[in-house]
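One structure is given here, and the rest of the page talks about it.
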């Protein structure tokens, strides 16, 4: 099985339809970065059912559709078709070629097709489950997946093992079963809760039924009393309503008369209000004119005040400017006098500065001469001090040596005393330590003997354990072989069932008649003639023939293979009628009763030819009919022999093993066989044989499992753990004794060495003490001489220091005089600078003062012009103001006259309104009385209506229409009220009573019985689900452990083949409770390295380690094809060569499709596909086939 081809249209950068055909072995896809190589890998992953857009390098699934370029429009659909050659039936389908197609539209709709037949995504996923070819299996490996496989945090590694072990569907089933179990448990909890509630409710309803009956009696008596009392109340209300209606009619007449009078007065009042409104409008116009006149006068007065204020301001400004001009003139005269005085003081200041400068320079030269003399004397004093210091240092050295020798003698004496005490104590400790060491040696010999005996016994048990484990492994391997054989047989049975059930390649009428026969329990006359209802009546299904004669038989019978067998002629006519009625076409029928009457031809004996009828078997009832069909047909080895024999025997037919048929009269039939030709031939007999083989394999597997269980029991009975614990105990005791012996021996040796060192040290201390006394005696003369020389040098230094102090006092006095001269010179220089600055400032102030005087003169002229203009403006405003005041007085007089007339009319109107208010108050009193009567009437009517309504609602009867209750005539209201209150109190004491308790009780009882049945069903389902989970776990665990063991061994072998034989490598399974959810650890330590974790390996080492794991899985469960996307990128040339050798080793069983940039990898491939982009954004394919040189 391998990938035959892939077709892409509109997928990512493949705008046009591209077809890529794959050969067996190695195929490479090459090209520059970004040209679309990985898009081919993404297309394969997508068509195999990948649903995560992130794994296809897209933000959302619609992005995989070609999005257009500058010259090409975007497409609305992406389609990928993958064709798989299924000759080994890895996929559970009867087709030898399987084509999977997936389409995606821009609106998000998606379609899947299997051999051009629409199907679901689940069908695709189920088809590839546990085959190693699903979208997330190990058949597609990208470079980034290398890091994911190697990473200790990744779950990808466990998925690879699950896919290889074929337990993915088991884990899916277990997950589904767990969900069902959780749902069942939740349902049980809900049922328990509901049961508790329903049981409680049923008990409560029993009590309520009894209460409801007593309550019904009380309610009936209450109803009779309340109806009688209501009748009495209704009669009393009717008696009160009649006189009240007469009073209301009288008050309504009085109210109507008052309303007419008020209406006339309101009309007159409205006319008066209209007149007042007109007068008020005229008065408002006059008032507006007066207000405008007053506003005009006010504006003129404001302008007059503003002009007066401006005049005052200008007058004040003129006075201020005149005063300022006077001050500036005074200041100008003062500045001229100051300038004259400063120029007179400037020349004497310059003379004083020059004199003080020459005096300062003379003092400075004298100070420098004294300084040179003082430096010379200081240097001589320094030399004397250095010499004295050297003498003093020498004397101090002699003193220190003396003190050191004296201290050394004291330390030597103390050390001798301590050493003698230590030697004495060591001699006392040495004797018991030697005795304890001898006892420890004897105990060590005894425990060593016991340990050797236990180790020998443990080795014997380990060999026995290993032998048992080997036997168990052999049994497991045999069981695995039997299981594989059984699974292969089951697959063949499933294929045969599918072929026999679907009637593929056969006329439509056969399938129709078979369905009708199964529906009706068999056609008349068929039973008892060599078949049953489950056996097809097609001739191809009845025949049993050896595989090598299958093609010959199929060619000889031709269309007769599809004959429909009928025992009787009536059976055949009945079948024909059914076909005609259902419009299912025509069939060829073989009638047994007709064939039985025909005679068989006599066949000659032909050398090299065998009658075909002798090589075929059918049920005995149809043997004669089959010989009639094949009576003149012989089987020969080849076509040449057939042609030769047909010339000699033209009355007979000769067919070769390859299916070439030679007939008389120049007829010859031959050519290639169809893929489905003769598939059904003998399939029914083959299925029966396969079922027998499956039963045989099941018995063998059962026997192997029993043997394995016996071996496991024997293995569990071995006392290896006990022996190991005993050995560990002996080893701990031996180790403790050895440590004790070593400690005692070390202590003894330490004491001996300490005694030897002490004696040597004692002799050395005595010698050092004698040498120290001799050194002290020789040192004393040198110490006395050095002390005398040091004292003489100190005296000479003191005399030189006194002379230097006198010279320094003279030097400092001269320096102070020089500084005084310098200070006076600086003061004179500063005074001269101040005079110069003052003179310049005075000149500048004179120029500024003159400029300000000119500016003040101009401002005074401008202010005088403004004063004249303001006086003229004030005279004009005064004239306008007098005219406006005269006009305002006339308008105010007209307004006062109009206002007096308005006030008189308004007073008359107020009198009319007061009379109207009195009339309205009288009418309001009358209305209130009427309202009171009406309200009382309404209350009585409402009481009556409430009484009637309450009775109608409460007892569903009309009190006004009903006859007087019988008890109403003799009813005493007080006694009836007392009895009614008593009954109501009894009813209230019942509390909440369910009057429908009986009906509810019966319903709840049925519900309780139903819930109890449901609970029992749920408990049974829960037990069955737990049993199913246990069975799934057991089967999946056995498969996983077997696969892990095989992959581990293969991984170690391949890793050492890629690296070195001495490398440390292993696979470890870490699991706490569930091995199927455990963590698989990879240990890989190449020679010369000790990484703490696998992440510390280089990129190339990680790639080779991951590839070793992948190919180890391939050895256990080969994948029909493998897609490698640039996995050789981190490898150097040497490792690429190893990688290629590894691919060559597997290329016979696995088809490799490699995306690569490496030239060595390209050279190793049989076929290259180059992916380029001649047009930006559009991928194009260029195939190249590489042939090996002869």
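In the working numbering, the protein residues as written are 26 to 1215.
All C-beta atoms in this analysis are idealised placements derived from N, C-alpha and C, irrespective of residue type, glycine included.
Predicted, not measured: the structure shown is a model, and the values here were computed from it.
Separation of the CB atoms of residue 855 and residue 346 is rounded to 42 Å, and the pair is thereby denied contact status at 8 Å.
At the C-beta level, residue 370 and residue 843 stay beyond 8 Å of one another. Annotation: the continuous alpha helix (DSSP H) that includes residue 1187 extends over 1184–1188.
Take residue 808, set aside five residues on each side of it, and the residues of its chain with a beta-carbon closer than 8 Å to its own are 420, 423, 424, 427, in chain order. Residue nearest to residue 268 within the set 1025, 1189, 1161, 959 is 959 (criterion: CA-CA distance). Residue 574 and residue 694 have their C-alpha atoms some 16 Å from each other. Residue 577 is positioned such that its CB atom lies closer than 8 Å to that of residue 684. Counting only residues of its own chain and dropping the five nearest sequence neighbours on each side, residue 712 has a CB closer than 8 Å to the CB of 518, 521, 522, 525. For residue 867, same chain residues with a beta-carbon under 7 Å away, outside a window of 5 residues either side, are 360, 363, 364, 367 in chain order. Per DSSP, the unbroken beta strand (DSSP E) holding residue 124 starts and ends at 122–130. The criterion of a C-beta distance shorter than 8 Å is satisfied by residue 1178 and residue 1146. If you draw a straight line from the Cα of residue 277 to the Cα of residue 975, it comes to about 33 Å. Take the alpha-carbon of residue 696 and the one of residue 1158: they are about 51 Å apart.
Two segments are said to touch when three or more pairs of C-beta atoms, one from each, lie closer than 8 Å; by this definition the region 773–793 touches the region 445–452. DSSP places residue 1013 inside the alpha helix (DSSP H), whose first and last residues are 998–1014. Looking only at 332, 760, 55, the smallest Cα-Cα distance to residue 465 is reached by 760.
For the set 1198, 925, 455, 1027, the Cα lying nearest the Cα of residue 231 is the one of 1027. In the DSSP assignment, residue 1176 falls within the unbroken beta strand (DSSP E) covering 1176–1180.
Residue pairing by DSSP leaves residue 867 without any beta bridge partner. Between residue 871 and residue 357, the gap from beta carbon to beta carbon is short of 8 Å. Its chain contains 252, 255, 256, 259, 972, 973, 976, 977 as the residues whose beta carbon lies nearer than 8 Å to that of residue 984, once the 5 sequence neighbours on both sides are disregarded; these appear in chain order. Nearest in C-alpha terms to residue 57, of all of 1183, 452, 109, is 1183. Here residue 97 carries a coil assignment [DSSP, helix/strand/coil]. DSSP places residue 108 in the strand class (E or B) of the three-state scheme.
In this chain, residue 40 is not harboured by any beta strand (DSSP E), its DSSP state being neither H nor E. The alpha-carbon of residue 88 is positioned some 49 Å away from that of residue 507. Under a 10 Å Cβ-count criterion, residue 142 is classified as exposed, with fewer than 16 other Cβ atoms of the shown protein chains found around its own Cβ. A direct Cα-to-Cα measurement between residue 987 and residue 248 gives close to 15 Å. Beta-bridge partners of residue 341 (DSSP): none assigned. The Cβ-Cβ distance between residue 55 and residue 1068 does not fall below 8 Å. Take residue 246, set aside five residues on each side of it, and the residues of its chain with a beta-carbon closer than 7 Å to its own are 1008, in chain order. Around the beta carbon of residue 1207, fewer than 16 other beta carbons sit within 10 angstroms, so the residue counts as exposed.
Taken atom to atom, the span from the alpha-carbon of residue 284 to that of residue 948 is near 7 Å. Between residue 591 and residue 564, the beta carbon gap of about 11 Å keeps them out of contact (Cβ cut-off 8 Å).
When C-alpha distances from residue 1058 are compared across 203, 858, 151, the shortest belongs to 203. Taking C-beta separations shorter than 7 Å and ignoring five residues to either side along the sequence, the partners of residue 664 in its chain run 681, 685, following chain order.
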